[in-house]
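Worksheet: one structure, shown below.
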Amino acid sequence: MNETSGRDVPWGRPPVAGIPLPPFADAAAHRSYVRSLQTFVLLLDGTGPAATTIALAAALDAELPRRGAETSSVLSPLALGASLSTFFPAPWTPEALALALNGGAYGTPTGGRGRWAWGGDPDYAATETRGGWQIRRHERGAVETATLAHRDDLVLLWMDMFRNRFPYPIAHTPAADAATPGALAEAARATVAAHAANVAMPYLENWRTERDRAMSGGQGEAGPLR
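Quick note: the sequence shown uses the working numbering, first residue -15, plus one each step.
In structure tokens:
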């Protein structure tokens, strides 16, 4: 089954304990999730980091609870989408992720207690086994089955199936009301050149040192200019 054997999914990757899950109990829990997501997003970029990575991390700042404002117990579409697309390793349970996905896409998971169903055409079912999951895929009378070896792999499967693989303009017919790549290219080159100067700043040098230490197995402690 293609869905359960893709090499672009980090099967068997363990979650990181201690990251709060939605629905968040309070503003501190929500803040902890977003700060952890921002850190993970930056870790994934082994370059300068790129201007696009910094832009995403900056956009996630809008998710942080503000003093005096009502605190949301759920993730924004942006934060949830970034979590799915990066396979963010919060300790998601199937129940928690199904709740977060509910209403945000077609065919989101329903069920519980070791039995889940999702999709439409095709439709899928998952049954918990000893340490993993049995997956059943049904499409127009044809049935396939597969096994997920790890308990946390069902969450990774859902992240893969419900993430947005094709944001515009990737794999899209060009929109008549959108500027073309050719029209934007000169401005893009200018931004890339300007960002190259930013990359040399001490605070990004510090971050690269911290990132590289963490990614090589060190503790990745914050530097003085972080």
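The C-beta atom is built at its ideal place from N, Cα and C for all residues, glycine as well.
Within 7 angstroms, strictly: CB atoms of residue i and residue j
i	j	result
Val139	Trp76	yes
Val183	Gly32	yes
Ala82	Pro93	yes
Asp107	Trp(-5)	no
Ser69	Arg147	yes
Pro(-2)	Tyr17	no
Ala35	His179	yes
Asp29	Thr23	no
Counted within 10 angstroms of its Cβ, other Cβ atoms place residue i as buried (16 or more) or exposed
i	result
Leu40	buried
Ile119	buried
Pro6	buried
Thr157	exposed
Phe150	exposed
Arg97	exposed
Close beta carbons around residue i, own chain, < 7 angstroms, minus the five adjacent residues each side
i	result
Met143	Leu68 and Phe71
First through last residue of the beta strand (DSSP E) which encompasses residue i
i	result
Leu132	Ala126 to Leu132
Bridge partner(s) assigned by DSSP for residue i
i	result
Ala109	Ala101 and Arg120
Gly202	Answer by DSSP bridge pairing: none, since Gly202 is not bridged.
Run of the alpha helix (DSSP H) containing residue i, from where it starts to where it stops
i	result
Thr31	Here Thr31 belongs to no alpha helix (DSSP H), and DSSP marks it neither H nor E.
Gly65	Pro61 to Ser69
Thr175	Pro165 to Val183
8 angstroms Cβ shell around residue i - same chain, five flanking residues per side excluded
i	result
Gly115	Ala133, His134 and Arg135
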